[in-house]
Amino acid sequence: MELNKQSDWVARSLRSVWHPCTQMQHHETVPLIPVSRGKGAWLYDHDGRRYLDAISSWWVNLFGHANPRINAALKDQLDTLEHAMLAGFTHEPVIELSEKLSALTGHVLGHSFYASDGASAVEIALKMSFHSWRNNGHADKREFVCLKGSYHGETIGALAVTDVALFKDAYGPLLRASQTVMSPDARAAREGETAQDVARRAAVDVERLFTERGDKIAAIIIEPLVQCATGMAMHDPLYLQLVRALCDQHNVHLILDEIAVGCGRTGTFFACEQAGVWPDFLCLSKGISGGYLPLSLVMTRDEIYQAFYSDDVTRGFLHSHSYTGNPLACRAALATLQIFEEDDVLNANRVKAERLTQALQPLARHEQVRHFRQRGMIWAFDAIDAPKDFSRRFFATATEHELLMRPIGATVYMMPPYILSDEEIDGLAANTLAVFNQVMAG
Ligand SMILES: Cc1ncc(COP(=O)(O)O)c(C=O)c1O
689 MELNKQSDWV
699 ARSLRSVWHP
709 CTQMQHHETV
719 PLIPVSRGKG
729 AWLYDHDGRR
739 YLDAISSWWV
749 NLFGHANPRI
759 NAALKDQLDT
769 LEHAMLAGFT
779 HEPVIELSEK
789 LSALTGHVLG
799 HSFYASDGAS
809 AVEIALKMSF
819 HSWRNNGHAD
829 KREFVCLKGS
839 YHGETIGALA
849 VTDVALFKDA
859 YGPLLRASQT
869 VMSPDARAAR
879 EGETAQDVAR
889 RAAVDVERLF
899 TERGDKIAAI
909 IIEPLVQCAT
919 GMAMHDPLYL
929 QLVRALCDQH
939 NVHLILDEIA
949 VGCGRTGTFF
959 ACEQAGVWPD
969 FLCLSKGISG
979 GYLPLSLVMT
989 RDEIYQAFYS
999 DDVTRGFLHS
1009 HSYTGNPLAC
1019 RAALATLQIF
1029 EEDDVLNANR
1039 VKAERLTQAL
1049 QPLARHEQVR
1059 HFRQRGMIWA
1069 FDAIDAPKDF
1079 SRRFFATATE
1089 HELLMRPIGA
1099 TVYMMPPYIL
1109 SDEEIDGLAA
1119 NTLAVFNQVM
1129 AG
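Below, the structure is given as structure tokens:
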């Protein structure tokens, strides 16, 4: 019975679970891995094999699995208040979290609106932007702009501002049209151009569009510094400064989607801090709850909040989710923020990042690698002439080397939790090189 446990779980899962972002038939050849438990940076299967979670379980897990401090906070919260609706009621975890987040923006983004997943946060930001313009007498501003290759989630509204053919094409007929502008991806640099030159070129494309139809545009949505799901496309912070100025000039809202890049992932708590700008709406999710519970939120400026403040119900923001502001999720987020403070995480990460970058030098200089890049706790590189099915083969080979990694096309990336030991960092680099060589050799 024990011996069959792993394969039993696989069979039962394939009989009853529909897995996300998956062509289920591929599991006839690609193994499904039933996880029995997690500890620190590691996930363990039922056969006792382990996998270093080098992508933080889809970029959510910041401080490891079964983190004792987050566990303790949640156990305490569980015995106090597991949930209460947030309409007409409020509670300590949601108040404290909103206050702390506001303080992290120097109180520029003074109000937070809550949901459970990233796509819902994007929907909220889009609706809020449109509705605030309407409440201010600009009902014509109802178009949205996104970047080429952008990814903002897969619900119908979020998909409309996503530009990834694989996710979007099948549902195209259901979606509202949006405007797409050039990505500032530094890899697009022409001979002699710097990343800043690419940023300037991309901003000119925004300026052209805003000049043409700024009076119709409600907002532009950008994933600041790194367009993650596109393949970790990195850009210079100058781009955000230029777009912020254009938004001010043309009366267009700036929505920054920090769902993946927030919470210290790019080296500062919010990615936009590196550009010295604040958006009108900032979306957070994934790491904010330490990777424990579904939680997302949209932070906004008090002027925007005031545009909804009225004795007229229909001028209010008419949006809700049953689990809005769930106390357990908010408490996990508070424990996460406490770890940032107590462990001086952003500075500690600089040291870890330096070590991993050094350890990855054989890959950075590898003859089959181009565009090795890093920002904060994100590393990526592109395989030159990657073999067919590179991503799936890399995933499968990585599991044989105790690694959980899922390349995006021919882009291999790492987004590990912030708790790796020196030994784990060195092992991650050495194993990634071994997996890469094996997959490239076919
Ligand atoms: C930048 C960005 N926005 C939005 C989302 C959607 O978040 P969720 O998957 O929680 O709906 C993601 C998810 O990967 C993301 O990376």
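The working numbering numbers the first residue of the sequence shown as 689 and each following residue consecutively.
Cβ atoms here follow ideal geometry from the backbone N, Cα and C, with glycine treated the same way.
Taking the C-alpha atoms as reference points, what is the distance between ILE992 and ALA959? 22 Å
For GLU1042, count the other beta carbons within 10 Å of its own beta carbon; 16 or more makes it buried, fewer makes it exposed. Which is it? exposed
May I ask you to list the residues that DSSP assigns as paired with ARG1067? Residue 1067 is actually Trp in this sequence, not Arg. TRP1067 pairs with GLN1062 and MET1102.
Per DSSP, CYS971 is paired with what? Looking at the DSSP assignment, CYS971 forms a beta bridge with ASP945 and VAL986.
Could you tell me whether the Cβ atoms of GLN884 and GLU831 are closer together than 9 Å? no
Taking a contact to mean a Cβ-Cβ separation below 9 Å, would you say LEU1048 touches TRP1067 in this structure? yes
Shorter than 8 Å, the distance from the beta carbon of TRP747 to the closest heavy atom of ligand 1, or not? yes
Go through its chain and collect everything with a Cβ distance to MET689's Cβ below 6 Å, but skip five positions before and after it. Per-residue confidence for MET689 stands at a pLDDT of 45, beneath the threshold of 50, marking its modelled position as unreliable; the derived number appears in the next sentence. There are no such residues.
I'd like the ranges of any beta strand (DSSP E) spanning at least 3 consecutive residues and lying wholly in the stretch 717-796. 723-727, 730-733 and 738-741
ALA807, enclosing alpha helix (DSSP H) - first and last residue: 806-823
Flag this pair as yes or no: are the beta carbons of LEU789 and LEU985 separated by less than 9 Å? Cβ atoms of LEU789 and LEU985: closer than 9 Å.
Extent of the continuous beta strand (DSSP E) to which ALA827 belongs: Neither: ALA827 is in no beta strand (DSSP E) and is coded neither H nor E.
In the DSSP assignment, what residue or residues form a beta bridge with TYR802? DSSP lists LEU985 as partners of TYR802.
Which ranges would you report for the beta strand (DSSP E) in the stretch 893-938 if only whole runs of at least 3 residues count? 905-910
What's the call for ILE1072, buried or exposed, on a 16-neighbour Cβ count within 10 Å? exposed
Pick out whichever of ALA775, PRO1105 and ARG878 has its Cα sitting closest to the Cα of ASN1014. ALA775
So, for GLY1097: in the same chain, excluding its five sequence neighbours on each side, which residues have a beta-carbon less than 7 Å away from its beta-carbon? GLY919 and SER1079
In whole angstroms, what is the alpha-carbon distance linking PHE957 and ASP764? 26 Å
Count the other CB atoms within 10 Å of the CB of ASN795; is the residue buried (16 or more) or exposed (fewer)? Note that residue 795 is His in the sequence shown here, rather than Asn. Burial call: exposed.
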